[in-house]
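In this note's numbering, the protein residues as written are 156 to 672. Glycine included, every Cβ here is placed at the ideal spot set by N, Cα and C. In this text the structure is predicted, and so the values were computed from the model without any measurement. Report on the following structure.
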């Protein structure tokens, strides 16, 4: 899904997406009419750094047309229209000042609280005024609400939307609501939040966004697995020794320690982002590409996960984390975690899935690493050099590469580790890879819920992790310390070895560059 190439116009991304959806087995309507996008929490960091830039890039590529869409910002801050526009102008990159100004003129600001009707009446009046000003031949009106807000205010905000801001032309249009993670802190709080929102909106109106599902390489997983004969016979316990899904950051909490301490790395990264990737790696082939068929298979694999064992968990906290004055001195909150998931089904019985995430580590990356079993009958005596691995680099430097043992060039029959490499920066030099938020907002406008989390999927995810999280909160598992700038706790590497992971020493994948050629 690209935004265009050097040989195409700025609107070619729209054409390529249309051609893609023409062969997808999805029942999505080609909607036209008047679209109002409302960003609640418009003055906050998420809105100015992610939401508004994503909308701008969609505008750039022709997916949002000036005559058909208007954007409303809503927050408690006392701002004018121009005040909000100037706040976000500096985050709109890659275009001329004229193009940026054209986009900013689509934005109107409304100030109000999140729990009283007065502000939302003003918001509804502003939306209605825009809708009636348009000569809308189709007679259809659509309202999209993006909650760039903390989950604690979701119930009150959604009640206000339901009471004051629903699309009055529901028979010819729609109202949809995007909510951000975290969806609760455990199973009970998540179910309570889901129940409150479920009273106000139908499931097909709610879009629980996990931006990892919008990443290019994550979206490629289904294609790789089910469109390539090569992987079909290999993707099982007979050939795969273990799977690692890894998220690493090379910085700490950086002033957000007090907020982070309420959640920790498992709630923040593993229970949502990495678990979503796990679903796509481990699920069975869906009946079709219809969103419900895909989400059905994700729920099935989550329900097949066995209870997590304490001896298959390592949690850590980097030295200096508690120097932040907002972090309690007695905090046991993990900034690093390695958790083994085991799937009780025919395909994956006995294969450990190791989900690892951490802050203040030695590098920044997110990747999937599928390690295959040793080749039987090792006539080349090359087993110590390393196993075959299929690696999907999600970020940065998006790539897929297969680690292979090959003959080393020369007169001797000696072997070494090398790779078959598909690096996106080389193969797709003229293609702009969309940001995750761009793709997911566009999916919401189109009514495609494939890349959003369904309520029963969310419940199944929390059922896996809630017992472990409660044990950590109760101090039954203790965080071990690790030095910033390292791989994390040594205990995590030891556990990976116990799970059968064999690290390749002496081989480092280097993203290819044009300079080499």
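Residue 181 versus residue 480: straight-line alpha-carbon distance, rounded: Confidence at residue 181 is low in this model, with a pLDDT of 40, below 50, so the placement of that residue is unreliable and no value is reported for it.
Own chain, CB closer than 6 Å to residue 638, minus 5 neighbours either side, in chain order: 474
Cβ shell of residue 358 (< 8 Å), same chain only, five flanking positions each side left out: Answer for residue 358: 609 and 610, listed in chain order.
Residue 560 versus residue 662: straight-line alpha-carbon distance, rounded: If I take the Cα positions, the gap works out to 11 Å.
Limits of the beta strand (DSSP E) - the one that residue 399 falls within: 395–403
Chain-order list of residues whose beta-carbon lies under 6 Å from that of residue 458 (same chain, five-residue window excluded): 615
Residue 599: first and last residue of the uninterrupted beta strand (DSSP E) it sits in: It is not in any beta strand (DSSP E) - residue 599 instead sits in the alpha helix (DSSP H) that spans 591–601.
Sub-8 Å separation of residue 673 and residue 221 beta-carbons: Here the chain covers residues 156 to 672 and nothing more, so residue 673 does not appear.
Beta-carbon proximity check, residue 302 vs residue 617, cutoff 8 Å: no
Cutoff 6 Å; reference residue 310; Cβ partners in own chain excluding five residues on either side: 351
Segments assigned alpha helix (DSSP H), at least 4 residues, entirely inside the segment 184–215: 207–215
Contact set for residue 642: own chain, Cβ-Cβ below 8 Å, skip 5 residues either direction: So the list reads 516, 517 and 648, once near-sequence residues are dropped.
C-alpha gap between residue 431 and residue 448, whole angstroms: 16 Å
Contact check, residue 239 vs residue 468, beta carbons under 8 Å: no
Check whether residue 526 and residue 656 have beta carbons under 8 Å apart: yes
Limits of the unbroken beta strand (DSSP E) element including residue 526: Segment 520–527, the beta strand (DSSP E) holding residue 526.
Simplified DSSP state of residue 513, which is helix, strand or coil: strand
Counted within 10 angstroms of its Cβ, other Cβ atoms place residue 315 as buried (16 or more) or exposed: buried
The segment 206–217 / the segment 316–330 touching (three or more Cβ pairs under 8 Å): The answer is no - the segment 316–330 does not touch the segment 206–217, with fewer than three Cβ pairs under 8 Å.
Spatial distance of residue 509 from residue 288 (CA atoms): 55 Å
Spatial distance of residue 274 from residue 597 (CA atoms): 27 Å
Range covered by the beta strand (DSSP E) that runs through residue 363: Counting along the chain, the beta strand (DSSP E) containing residue 363 begins and ends at 361–364.
Environment of residue 258 [buried if 16+ CB atoms lie within 10 Å]: buried
Cut-off 7 Å between Cβ atoms - residues of its own chain near residue 630, not counting five sequence neighbours on either side: Excluding the 5 residues flanking it on each side, residue 630 has same chain C-beta neighbours closer than 7 Å at 487, in chain order.
Residue 444 versus residue 380: straight-line alpha-carbon distance, rounded: 13 Å
Cβ-based neighbour list, residue 355, same chain, cut-off 7 Å, excluding 5 preceding and 5 following: So the list reads 313, 314 and 317, once near-sequence residues are dropped.
Simplified DSSP state of residue 576, which is helix, strand or coil: Three-state result, residue 576: strand.
Host beta strand (DSSP E) of residue 562 (start-end): 554–562
Ranges of the alpha helix (DSSP H) found wholly within the segment 266–350, counting only runs of at least 4: For secondary structure counted as the alpha helix (DSSP H) over 4 or more consecutive residues, the segment 266–350 holds these complete runs in sequence order: 272–288 and 309–315.
Alpha-carbon spacing of residue 417 relative to residue 501, whole angstroms: 38 Å
Paired residues, beta bridge with residue 497 - DSSP: 507
Anticipated Cβ contact below 8 Å, residue 376 with residue 436, distance rounded: With a Cβ gap of about 7 Å, residue 376 and residue 436 count as contacting.
Bridge partner(s) assigned by DSSP for residue 471: 491 and 635
Pairwise C-alpha distance: residue 270 and residue 209: 27 Å
Of the listed residues 504, 534 and 440, nearest to residue 378 (C-alpha basis): 440
Residue 398 versus residue 523 - alpha carbon distance: One C-alpha to the other measures close to 7 Å.
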